[in-house]
Amino acid sequence: MRLPIDRGWAWVVVTACTALFAISAGAGKCQGVIMVEVIDKFQGVYKPSSLLWVFMSTFIFDGLFGPLAGYLMLKIGHRWSAFLGLFSLVVGNIGLAYAPNIIAMIICHSIPTGFGYMLTSFVAIMASSPYFVEKKALAVGLTTTGSGIGAFAIPPILRGLFDAFGFSGALLIYGGFSVQFMCLAALLRPISYYTKKSKKLPTPAGEVASGNVKDSTDQTAETDVDSPDTREIERAPSANIDTENKAKEKFTWRVILVPKMLMITMCSVVYMLGFSVTYTCIPAFARECGISDKLVSILMAVSGAIEIPCRIGNGWLADRKIITTTAQFAICVFLAGFFCLLCAIVSNLAGIILAIIGVSAVGSSVFSLEPLVFRELLGDSHVTSSLAMQAVPQCVSFAVSTLITGVIYDRTGSWRTVFYCISAIMMVSSTITWPYLFKNWYKRRQGTTPS
1 MRLPIDRGWA
11 WVVVTACTAL
21 FAISAGAGKC
31 QGVIMVEVID
41 KFQGVYKPSS
51 LLWVFMSTFI
61 FDGLFGPLAG
71 YLMLKIGHRW
81 SAFLGLFSLV
91 VGNIGLAYAP
101 NIIAMIICHS
111 IPTGFGYMLT
121 SFVAIMASSP
131 YFVEKKALAV
141 GLTTTGSGIG
151 AFAIPPILRG
161 LFDAFGFSGA
171 LLIYGGFSVQ
181 FMCLAALLRP
191 ISYYTKKSKK
201 LPTPAGEVAS
211 GNVKDSTDQT
221 AETDVDSPDT
231 REIERAPSAN
241 IDTENKAKEK
251 FTWRVILVPK
261 MLMITMCSVV
271 YMLGFSVTYT
281 CIPAFARECG
291 ISDKLVSILM
301 AVSGAIEIPC
311 RIGNGWLADR
321 KIITTTAQFA
331 ICVFLAGFFC
341 LLCAIVSNLA
351 GIILAIIGVS
361 AVGSSVFSLE
371 PLVFRELLGD
381 SHVTSSLAMQ
391 AVPQCVSFAV
401 STLITGVIYD
411 RTGSWRTVFY
421 CISAIMMVSS
431 TITWPYLFKN
441 WYKRRQGTTP
451 S
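For the sequence shown, UniProt numbering puts the final residue at 451, and the numbers step up evenly by one.
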């Protein structure tokens, strides 16, 4: 029996993953809409700066739950992990609807929502991987367009709900809206469904290209990396899609000690120091430049639409292998910072448009390229561990970046200065990968095998 590799049900899984990414990563970009309502509800009780920590802590917990999310996904599978993640999002919305104070909001909203965002988005990125061989990068690119779709579609939905039903009613309905996505989670059929059926049928020899059970198993097993950089990791068993290995045989925290993993993690963490505050700073900088709030809102909505084709394009380009995925990752990191630098230099509507293009077109694509970079450097068997362990320092970076941005603005009173700092941080982060990329380029010129 032919497996649905790069065809058939594989694209159904990608569609479901895109929707799940929209309700997790995409909805995460819309927290500002909810925060405004929270500020109005607790006006005169808490300062806006204090309430900001309710939503900042959501993303901090998002990162802290990374290793747990990776372990659970490998332990109970993609489908049940998606159910659990969506349930956590529902609990978080209902908890916020009736939380009487900041402590209750952090416990009832920030913690379950952070866990739900991490687990659901993690599943969305990884669930399609077993179904693709030649088009893995395109599948990941399509999945991560959900972030742009969610950022484009969810804000008007939330705005309409708050206007029609008030604070508590809107969050209850939004929680019910999230429940509907469990139907899509049910579509995440494990690849073992097909391999079990194929065992009952004779397997013709020689069916390589179309997803033959034996050949696809062997091909997946060959993706383990045998290099000095990865010898310290306990090798997972061959990635046999006929069997579901236990989480302890696949998940390892020691992947963080691998030099290549450290390189990408350091680059990503430094990049997040600048990138994570761009969506917050662009509207403030636009107001400083004399641009109307209404026009900025339109531009921010358009940014979600720009993000969709650009993520698909980056996935398509990664599949073409014109350059290495690591080089593509480094270029996107540098260009995101460069566009923000142009924004600070120009300081008008054209500059704001350049920043939005940079952040949406290439800046956000960095995160859809990360799993592909780990696959290229470490092999398929360590992608989940790498993404899970990287999430922890990323969440610390998010918290630090918010504090640094506040200090810079308090000292200078200028969002333009903030953008100079943001752009410098992002461009500098790309240089972390340059020695590795130059070393591999030099080896190719010498005719030796790149490391």
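Just so it is clear, CB atoms sit at the ideal spot from N, CA and C, and this is done for glycine as well.
Within the chosen definition, does the region 52 to 67 reach the region 172 to 189 through at least 3 CB pairs nearer than 8 Å? Output reads no: the region 172 to 189 does not touch the region 52 to 67.
For the ligand GTP, is there a heavy atom less than 6 Å away from the beta-carbon of isoleucine 306? In terms of ligand content, the structure shown is empty, and the ligand GTP therefore cannot be addressed.
With respect to the alpha helix (DSSP H) encompassing proline 259, which residues constitute its N-terminal and C-terminal limits? 259 to 275 is the extent of the alpha helix (DSSP H) around proline 259.
Is threonine 384 near glycine 70, with beta carbons less than 7 Å apart? Less than 7 Å divides the Cβ of threonine 384 from the Cβ of glycine 70.
Rounded C-alpha distance that separates isoleucine 149 from glycine 26: Each residue's Cα considered, the two are about 7 Å apart.
Does the Cβ of valine 140 have 16 or more other Cβ atoms within 10 Å, making it buried, or fewer, making it exposed? By the 10 Å Cβ count, valine 140 comes out buried.
Reduced DSSP secondary structure (H/G/I, E/B, other) of arginine 311: Helix.
In the structure shown, what three-state DSSP assignment does glutamate 134 receive? DSSP places glutamate 134 in coil when its eight states are reduced to three.
Do the CB positions of threonine 120 and threonine 18 come within less than 7 Å of each other? For the 7 Å CB-CB criterion, threonine 120 and threonine 18 do not form a contact.
I'd like to check one pair, valine 373 with phenylalanine 329: are the Cβ atoms closer than 7 Å? It is a contact, given that the beta carbons lie within the stated cut-off.
Which whole-angstrom value describes the C-beta separation of isoleucine 432 and valine 270, a residue pair presumed to lie in contact below a C-beta threshold of 8 Å? At roughly 7 Å, the Cβ-Cβ gap stays under 8 Å, so isoleucine 432 and valine 270 are in contact.
Cα-Cα separation between phenylalanine 152 and serine 24, rounded to whole angstroms: Their Cα atoms are separated by approximately 13 Å.
Where arginine 7 falls: helix, strand or coil (DSSP): The answer is coil: DSSP assigns arginine 7 none of H, G, I, E or B.
Looking only at its own chain, which residues have a Cβ that is under 6 Å from the Cβ of valine 225, when we skip the five neighbours before and after it? Caution applies to valine 225, whose pLDDT of 42 falls short of 50 and renders its modelled position unreliable; the value that the coordinates give is listed next. Within the same chain, valine 225 has close Cβ partners Leu378 and Gly379.
With a CB to CB cut of under 8 Å and the five nearest residues on each side skipped, what residues in its chain are close to valine 13? Here the set comprises Ala127, Ser128, Tyr131, Leu187, Leu188 and Arg189.
Would you check if the region 166 to 186 and the region 409 to 427 touch, i.e. whether three or more CB-CB distances between them fall below 8 Å? Output reads no: the region 166 to 186 does not touch the region 409 to 427.
Segments of 4+ residues assigned as alpha helix (DSSP H) that fall wholly inside the region 107 to 183: Entirely contained in the region 107 to 183, the alpha helix (DSSP H) runs reaching 4 residues are, in chain order, 111 to 126 and 136 to 179.
Measure the C-alpha to C-alpha separation of arginine 287 and leucine 342 and round it to an integer number of angstroms. Straight-line Cα distance between these residues: approximately 17 Å.
Evaluate valine 179 with the Cβ neighbour count: other Cβ atoms within 10 Å of its Cβ, from every protein chain shown; 16 or more gives buried, anything less gives exposed. Burial call: exposed.
Between which two residues does the alpha helix (DSSP H) carrying aspartate 410 extend? In the DSSP annotation of this structure, the continuous segment of the alpha helix (DSSP H) that includes aspartate 410 starts and ends at 383 to 412.
N-terminal and C-terminal residue of the alpha helix (DSSP H) that tyrosine 98 is part of: DSSP places tyrosine 98 in the uninterrupted alpha helix (DSSP H) bounded by 66 to 98.
Rounded to the nearest angstrom, what separates cysteine 340 and phenylalanine 162 at their Cα positions? Using only the alpha carbons, I get a separation of about 33 Å.
Could you tell me if aspartate 40 is buried or exposed, where buried requires 16 or more neighbouring beta carbons within 10 angstroms of its beta carbon? Looking at its Cβ environment, which holds fewer than 16 other Cβ atoms inside 10 Å, aspartate 40 is exposed.
Same chain only: Cβ atoms within 8 Å of isoleucine 353, ignoring 5 sequence neighbours per side: Around isoleucine 353: Leu299.
For proline 283, name the three-state secondary structure that DSSP assigns. Residue state, collapsed to three classes: helix.
Under the rule that 16 or more other beta-carbon atoms within 10 Å means buried, what is alanine 124, buried or exposed? Counting Cβ neighbours within 10 Å, alanine 124 comes out buried, since at least 16 surround it.
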